[in-house]
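In the numbering used here, the protein residues as written are 1 to 304. Even for Gly, the Cβ is constructed at its ideal location relative to N, Cα and C. To start, the structure under review is shown below, and the notes come after it.
Here's what the structure looks like:
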């Protein structure tokens with residue numbers, strides 16, 4: 001033992017070592033889940049749309065960006081609003097740390113940094129788990145998970161540890177941000193990184209608003225006074241893909257939402273999203289999802 005050096009053993013105030021479920025769910029607009037209870041923690045995050053959550057203590061109306069926590073053995077059920085099909089992300093886990101009591105009967109709203117951590121968590125989960133888009137069983141009699149967690153044969157190095165770290169980082173940030181304390185004015189310096197994030201956010205908002213027009217790189221360059229090189233560099237740095245790939249993904253995600261709404265037929269959806277023909281739309285949809293639009297809807301209904 002070397003007595004010249006004095007060490008400090010790092011404390012863990014919040015630790016997670018078991019995960020029971022890790023699912024990104026695309027729900028139909030009229031989906032109803034009768035509910036369940038279990039002896040471990042769970043959170044539900046609304047990525048798109050709105051849901052109504054009922055526990056034995058309260059009923060919560062959650063919108064995009066909201067997260068609710070269920071304590072061990074707390075009954076919880078879910079109901080969609082019959083207007084917009086939501087996307088939700090659910091993780092259930094074991095945590096014996098005293099700090100988790102902060103989340104008892106708690107709903108929180110995630111900021112940009114918390115959503116970034118959640119995005120990293122989902123990305124890492126996709127690297128570790130053979131994780132289909134899952135829908136919980138509608139039937140109250142069968143509580144067995146329809147999609148039990150399964151590790152991939154060759155997950156990326158450190159994936160499990162990163163999932164643990166991202167979960168713990170997210171919860172620690174939420175505890176810090178939501179503790180009852182006098183409000184503090186936070187002055188954020190205008191840095192190049194912040195400017196680029198704001199620029200990319202404006203570009204993404206523009207793409208979302210003009211999706212049916214299928215904006216080109218040249219149109220974006222003109223709109224935001226950027227060269228093609230500048231646009232491509234800043235866009236890829238902050239989204240991980242090019243403009244065309246991002247727009248393609250966005251159109252498919254929007255199509256999936258429209259299909260689950262069941263208010264438009266496939267031809268109308270193709271037109272709403274600016275596809276040149278229903279055949280081209282169907283080919284692109286199948287290429288992205290492995291299913292035709294009609295097969296996708298049948299699959300969603302069958303899982304209920």
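Residue from the options with nearest C-alpha to residue i
| i | options | result |
| --- | --- | --- |
| residue 66 | 75, 58, 106 | 106 |
| residue 83 | 249, 288, 63 | 63 |
| residue 13 | 40, 53, 163, 169 | 169 |
| residue 178 | 216, 81, 154, 102 | 102 |
| residue 276 | 296, 300, 297, 251 | 251 |
| residue 16 | 224, 265, 42 | 42 |
| residue 69 | 232, 171, 286 | 171 |
| residue 57 | 71, 231, 100, 40 | 71 |
| residue 152 | 59, 164, 174, 124 | 124 |
| residue 296 | 8, 266, 279 | 266 |
| residue 90 | 270, 219, 20 | 20 |
| residue 313 | 100, 36, 44, 99 | Outside the displayed span of the chain (1 to 304) sits residue 313, for which this structure offers no information. |
| residue 11 | 22, 4, 99, 5 | 99 |
| residue 18 | 164, 7, 156 | 164 |
Beta-carbon proximity of residue i to residue j, cut-off 8 Å
| i | j | result |
| --- | --- | --- |
| residue 273 | residue 211 | yes |
| residue 88 | residue 34 | no |
| residue 199 | residue 234 | yes |
| residue 80 | residue 108 | no |
| residue 217 | residue 202 | no |
| residue 121 | residue 167 | yes |
| residue 238 | residue 176 | no |
| residue 94 | residue 31 | no |
| residue 194 | residue 247 | no |
Supposed close pair residue i, residue j - CB separation, criterion 8 Å
| i | j | result |
| --- | --- | --- |
| residue 54 | residue 77 | 5 Å |
| residue 97 | residue 38 | Rounded, the Cβ-Cβ distance is 18 Å, inconsistent with contact. |
| residue 86 | residue 49 | 3 Å |
Own chain residues within Cβ distance below 8 Å of residue i, not counting five before or after
| i | result |
| --- | --- |
| residue 141 | Any reading at residue 141 must be qualified, since the residue scores a pLDDT of 39, below 50, and its modelled position is unreliable; no value is offered. |
| residue 284 | 248, 251, 252, 275 |
| residue 278 | 266, 267, 270 |
| residue 173 | 113, 114, 117 |
Cβ shell of residue i (< 7 Å), same chain only, five flanking positions each side left out
| i | result |
| --- | --- |
| residue 223 | 206 |
| residue 299 | 291 |
| residue 22 | 91, 125, 129, 131, 149 |
| residue 221 | 227, 228, 231 |
| residue 286 | 292 |
Residues near residue i by beta carbon distance below 6 Å, same chain, minus five either side
| i | result |
| --- | --- |
| residue 60 | 53, 68, 107 |
| residue 45 | 67, 89 |
| residue 156 | 127 |
query: Taking contact to mean at least 3 C-beta pairs separated by less than 8 Å, is the stretch 282 to 301 in contact with the stretch 103 to 120?
result: Contact between the stretch 282 to 301 and the stretch 103 to 120 is not established, with fewer than three Cβ pairs separated by less than 8 Å.
- prompt: Between the stretch 19 to 35 and the stretch 248 to 264, do at least 3 Cβ pairs fall closer than 8 Å?
  reply: Put simply, the stretch 19 to 35 touches the stretch 248 to 264. At least three CB pairs are less than 8 Å apart.
Meets three-Cβ-pair contact criterion under 8 Å: the stretch 159 to 166 and the stretch 122 to 131: Look at the beta carbons and you see the stretch 159 to 166 touching the stretch 122 to 131: at least three pairs across the two are nearer than 8 Å.
task: Would you be able to state if there are at least three C-beta pairs under 8 Å between the stretch 260 to 270 and the stretch 241 to 249?
output: Counting C-beta pairs closer than 8 Å gives fewer than three between the stretch 241 to 249 and the stretch 260 to 270, which falls short of the contact rule.
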